[in-house]
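Participant: One rule links them: number in the numbering used here = place in the sequence shown (from 1) + 480.
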Amino acid sequence: MIPIPIPWLVFAALIVFLAGIFFVWICYEIARKRHAANDRKDLIQCHLCTRKFTAEKLVSLPLCPNCGSPNEHIPPRFF
Ligand SMILES: [Zn+2]
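1. How about R531: is its Cβ closer than 7 Å to a heavy atom in ligand 2?
2. Distance check for K537 and G500, CA to CA, integer angstroms please.
3. Can we say the region 536-551 touches the region 510-527, given the rule of at least three CB pairs closer than 8 Å?
4. Check I506 in the structure and name its three-state DSSP category.
5. Could you tell me the distance, in whole angstroms, from the CA atom of A535 to the CA atom of L494?
Take a look at the structure:
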């Protein structure tokens, strides 16, 4: 058996624990960004009144429910 001092054992356990938390965090962020991208796919921002609304891809120029202006299927930017 390899002799390991107690501080090194605690340090190794801490590193493994933090690596696990970091891995779960990264996986959660990837899943969250994919879900947010799917939610924004059908979202349209009106170029006149800047109101966001959803419309199906079947309609070529969906009308804004607020001002009635026709809009193209350009999803709004995230930032
Ligand atoms: Zn509008």
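For each residue, glycine too, the CB sits at the ideal point set by N, CA and C.
Facilitator: Here's the rundown:
1. The ligand content of the structure shown is limited to ligand 1, which means ligand 2 is not among them.
2. 41 Å
3. yes
4. helix
5. 49 Å
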